[in-house]
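In the numbering used here, the protein residues as written are 842 to 1017.
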């Protein structure tokens, strides 16, 4: 016959706290889609930054993108970074880069497949640059969620002027 266990109220409180903590470990919707953006970033072929983006509407993924060379072109992983070769600082001279940004690729993928991203949210591992900000605004993205800051304050100003909600999540990326 099985044993009967008896717990005092203090032990029951400890058990309840443990259960509550475990239940609260379920990620929020923003955390969930940001985690997916982090996974997408692993596909990046950029030597400087691994960036991922996920476009979502009504809790459904519409498109994903990561930064890398255009279709049928050699990747920086294979031939080197032209920005490094020219000593171009991060956050400057975006036009001197082989890569298509993650946000741009996510927009392009949705267009290629005929998927409207109007009124969607984009989850980006890094703050969008000014070029991506303008594209996201014109694509009618209504909300931008990112983790890592980027040295481009003007992008945030553009989002604010266009009434696009911007949220920075606390980074879950572990320091090396």
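Backbone N, C-alpha and C fix where the C-beta goes; we use that ideal spot for every residue, glycine too. This structure is a prediction, so every number in the text was calculated from the model and none was measured.
Proximity of residue i and residue j at Cβ, strictly below 8 Å
i           : j            : result
residue 944 : residue 958  : no
residue 961 : residue 903  : yes
residue 924 : residue 889  : yes
residue 970 : residue 939  : no
residue 986 : residue 1008 : yes
residue 974 : residue 999  : yes
residue 968 : residue 951  : no
N- and C-terminal bounds of the beta strand (DSSP E) containing residue i
i           : result
residue 896 : 893-898
Own chain, CB closer than 7 Å to residue i, minus 5 neighbours either side, in chain order
i            : result
residue 1016 : Residue placement at residue 1016 is poorly supported in this model, since its pLDDT is 45, which falls under 50; the coordinates are not used for a value here.
residue 878  : 893, 894, 895, 964, 965, 966
residue 886  : 909, 910, 916, 917, 918
8 Å CB neighbourhood of residue i in its chain, flanking five on each side removed
i           : result
residue 897 : 874, 903, 961, 962, 963, 964
residue 949 : 906, 941
residue 976 : 944, 945, 948
Counterpart residues of residue i in DSSP-defined beta bridges
i           : result
residue 909 : 941
residue 987 : 965, 1009
residue 832 : In the structure as shown, the chain starts at 842 and stops at 1017, and residue 832 therefore has no counterpart that could be examined.
Same chain, Cβ closer than 6 Å to residue i, five either side skipped, listed in chain order
i           : result
residue 941 : 911
residue 946 : 906
residue 915 : none
residue 993 : 932, 970, 971
residue 891 : 882, 885
Where the alpha helix (DSSP H) containing residue i begins and where it ends
i            : result
residue 878  : 870-882
residue 926  : 923-926
residue 915  : Unbroken run through residue 915: none, as it is neither H nor E.
residue 973  : 971-979
residue 1002 : 994-1002
Buried or exposed (CB count within 10 angstroms, at least 16 for buried), residue i
i           : result
residue 868 : exposed
residue 908 : buried
residue 900 : exposed
residue 937 : exposed
residue 895 : buried
residue 880 : exposed
residue 930 : exposed
residue 996 : buried
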